[in-house]
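*Asks:* My structure is below; once you've seen it, I'll send some questions.
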Amino acid sequence: MIEWANGKKEKPVFPQWTSEGPKEKARETTSLGHQAADWARRANFTASFGLHSARRTALINGNDNGYSLGQLLKLASQSNTHALINHYLGNVSSIDGASNYLGTERQTELAEDFLSATMRRNPEEELKTSQEYVSLERQIENLILEVEAATLGDTRTELKAQRKILYDQRRVFKKKALQKYQEDQKLAYETPKNHEQGDWRQGHFDRICHAMKGIAGNLWKHVFDRYKDFHMKRSGFASFCFRCDKWRTSEPDRAADCQSHIDNNDVPFRCNPVKFRKATVCAGYCPVHLGRADFPAHQRLRQFLEQSS
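Residue 263 in UniProt numbering sits at position 263 of the sequence shown, and the numbers go up by one each step.
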């Protein structure tokens, strides 16, 4: 038996390694698996690749090579056949039925094409490794630590406000990167021959749409204001009721309509405005005015298009 040298007894059997060489600290039990997963992330794969995949492949090959179930359990350090059969060997059979029937040499590569995994590239990896994004992430992490360490309420509030600004900057940065990626997409594709019904019009339409600007966020508000201006010039008063989806062109008509909603108990059950695709589909209301029975009906059902109004 070879004895350990005195200078090696306190050194780890599996030391941690860096670019400078081994360290005096031992590896953790999960370090190899984490290192394999880091390799996959460094290669821009969306799914990580751990040692479980290599371990599973070794057990599958051992099963195909004719080892007994007991030997496979020893290799897997398992005592339960359920985990080995259902989670490692899988449900793909590698038995060559034709060779067993004909008495010929069996094939062992029947299940190889069904045991592969597709490693897709992570398209966000280039964005998240850019200098600006990494700088924002580092600043956010530092502010999170400062918020946790802060003891004064005013200091925590100020740090949270700074963190919110960085969150907004990161969101804007990702949105701009997404818009640039979408603008670079190829919209017009070449076809082997022109269609008899005229595919050239579709190609022209794609190029025109690609050159057009996106829909403005205030388009619905612009149309709503133009309708209101039209009724104001025509009747001198304009108020749109979102409850009955009609324009009211006089103050008495508006007051009678509001009183009718209150008498019929047709009042909103939520007070925040509802928007769908940048258009207001349900106006907002003041919960205080809505509950005041001593107020006139038109004041109780006063509408707001924006939550900040």
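Note that beta-carbon positions come from the ideal geometry of N, C-alpha and C, so glycine has one too.
Grab the span of the alpha helix (DSSP H) containing serine 135 for me, first residue to last.
*Replies:* Looking up residue 135 in the sequence shown gives position 135. For serine 135, the enclosing alpha helix (DSSP H) stretches over residues 131-149.
*Asks:* From serine 235 to aspartate 229, what does the alpha carbon distance come to, in whole angstroms?
*Replies:* Numbered from its first residue, the sequence shown carries residue 235 at position 235. Numbered from its first residue, the sequence shown carries residue 229 at position 229. Taking the straight line joining both Cα atoms gives about 10 Å.
*Asks:* For cysteine 244 and leucine 143, what's the separation of their Cα atoms in angstroms?
*Replies:* For the purposes of this step, residue 244 is taken as residue 244 along the sequence shown, with counting starting at 1. For the purposes of this step, residue 143 is taken as residue 143 along the sequence shown, with counting starting at 1. Distance between the alpha carbons of cysteine 244 and leucine 143 is about 49 Å.
*Asks:* So, helix, strand or coil for alanine 279, using DSSP?
*Replies:* Reading the sequence shown from its first residue, position 279 is the one you call residue 279. Strand at alanine 279.
*Asks:* Taking just the CA atoms, how far does valine 134 sit from residue 398?
*Replies:* Limits of the chain in this structure are 1 at one end and 309 at the other, which puts residue 398 out of reach.
*Asks:* Is it the case that the Cβ atoms of residue 358 and alanine 293 are separated by a distance below 8 Å?
*Replies:* Since the first and last residues shown for the chain are 1 and 309, residue 358 lies out of range.
*Asks:* Thinking C-beta only, is leucine 84 closer than 8 Å to alanine 76?
*Replies:* Against the sequence shown, residue 76 aligns to sequence position 76. Against the sequence shown, residue 84 aligns to sequence position 84. For the 8 Å CB-CB criterion, alanine 76 and leucine 84 form a contact.
*Asks:* By Cβ distance, which residues of its chain are closer than 6 Å to proline 12, with the 5 residues on each side in sequence left out?
*Replies:* Counted from its first residue, the sequence shown places residue 12 at position 12. Result list for proline 12: Ala26, in chain order.
*Asks:* Hey, quick one: how far does the beta strand (DSSP E) through alanine 297 stretch, first residue to last?
*Replies:* For the purposes of this step, residue 297 is identified with residue 297 of the sequence shown, where counting begins at 1. Looking at the DSSP string, alanine 297 is not in any beta strand (DSSP E); the run it does join, the alpha helix (DSSP H), is 297-300.
*Asks:* Mind checking whether phenylalanine 242 and cysteine 271 have CB atoms under 8 Å apart?
*Replies:* One-based indexing of the sequence shown puts residue 242 at position 242. One-based indexing of the sequence shown puts residue 271 at position 271. Not closer than 8 Å, so no.
*Asks:* Taking only three categories from DSSP, how would you classify cysteine 244?
*Replies:* Your numbering for residue 244 matches position 244 in the sequence shown. Coil at cysteine 244, not helix or strand.
*Asks:* Between arginine 170 and the rest of its own chain, which residues show a CB-CB distance below 6 Å, the 5 nearest in sequence each way excluded?
*Replies:* Here residue 170 is taken as the residue at index 170 of the sequence shown, counted from 1. Here the set comprises Leu136.
*Asks:* Consult DSSP for phenylalanine 13 and reduce its assignment to one of helix, strand or coil.
*Replies:* The sequence position of residue 13 within the sequence shown is 13, counting from 1. As written in the sequence, residue 13 is valine, which differs from the phenylalanine given in the question. Valine 13 falls in the coil class under three-state DSSP.
*Asks:* Threonine 280: buried (16+ other C-beta within 10 angstroms of its C-beta) or exposed?
*Replies:* For this step, residue 280 is matched to residue 280 along the sequence shown. That one is buried.
*Asks:* Do you know how far the Cα of alanine 40 is from the Cα of aspartate 96?
*Replies:* By 1-based counting over the sequence shown, the position of residue 96 is 96. By 1-based counting over the sequence shown, the position of residue 40 is 40. Approximately 34 Å between the Cα atoms of the pair.
*Asks:* How long is the line joining the alpha carbons of cysteine 286 and isoleucine 140, rounded to whole angstroms?
*Replies:* If you number the sequence shown from 1, residue 286 lands on position 286. If you number the sequence shown from 1, residue 140 lands on position 140. Distance between the alpha carbons of cysteine 286 and isoleucine 140: 37 Å.
*Asks:* Could you check where the beta strand (DSSP E) with proline 22 kicks off and where it finishes?
*Replies:* Counting from 1 along the sequence shown, the entry for residue 22 is found at position 22. Unbroken beta strand (DSSP E) run through proline 22: 21-26.
*Asks:* Taking 8 Å as the limit between beta carbons, can you name the residues of its chain near histidine 231, skipping five residues before and five after?
*Replies:* Numbered from 1 along the sequence shown, position 231 holds the residue referred to as residue 231. The residues are Phe237, Ala238, Trp247 and Thr249.
*Asks:* Might you give, ordered along the chain, the residues of its own chain that have their beta carbon closer than 6 Å to the beta carbon of phenylalanine 240, omitting 5 neighbours on each side?
*Replies:* Position 240 of the sequence shown, counted from the start, is the residue given in the question as residue 240. Non-local beta-carbon contacts of phenylalanine 240 in its own chain, meaning distances under 6 Å to residues more than five positions away in sequence, involve Trp247 in chain order.
*Asks:* Using only alpha-carbon positions, find the residue among Lys278, His87 and Pro273 that is nearest to valine 223.
*Replies:* If you number the sequence shown from 1, residue 223 lands on position 223. Of all alpha-carbon atoms in Lys278, His87 and Pro273, the one lying nearest the alpha-carbon of valine 223 is that of Lys278.
*Asks:* For glutamine 299, does the count of other Cβ atoms within 10 angstroms reach 16, so buried, or fall short, so exposed?
*Replies:* Numbered from its first residue, the sequence shown carries residue 299 at position 299. Looking at its Cβ environment, which holds fewer than 16 other Cβ atoms inside 10 Å, glutamine 299 is exposed.
*Asks:* Over the uninterrupted alpha helix (DSSP H) stretch that includes serine 235, give me the two end residues.
*Replies:* What you label residue 235 is simply residue 235 of the sequence shown in a count that begins at 1. For serine 235, the enclosing alpha helix (DSSP H) begins and ends at 219-235.
*Asks:* Let me make sure I understand the geometry here. Which of Arg138, Arg163 and Asn63 has the alpha-carbon closest to that of valine 147?
*Replies:* Counting from 1 along the sequence shown, the entry for residue 147 is found at position 147. Per the Cα distances, Arg163.
*Asks:* In chain order, what residues of the same chain lie with their CB nearer than 8 Å to the CB of phenylalanine 295, ignoring the 5 residues before and after it?
*Replies:* Within the sequence shown, residue 295 is the residue found at index 295, counting from 1. Once the five neighbours on either side are set aside, the close Cβ partners of phenylalanine 295 are His289.
*Asks:* Mind checking who glycine 284 pairs with in its DSSP beta bridge?
*Replies:* Walking along the sequence shown from the start, residue 284 turns up at place 284. Beta-bridge pairing links glycine 284 to Phe304.
*Asks:* Counting C-beta neighbours from all protein chains within 10 Å, is the total for arginine 207 16 or more, i.e. buried, or is it exposed?
*Replies:* As a position in the sequence shown, residue 207 is number 207, starting the count at 1. Its Cβ having fewer than 16 others within 10 Å, arginine 207 is exposed.
*Asks:* Mapping DSSP to helix, strand and coil, what is threonine 108?
*Replies:* For the purposes of this step, residue 108 is taken as residue 108 along the sequence shown, with counting starting at 1. Note: threonine 108 maps to coil in three-state DSSP.
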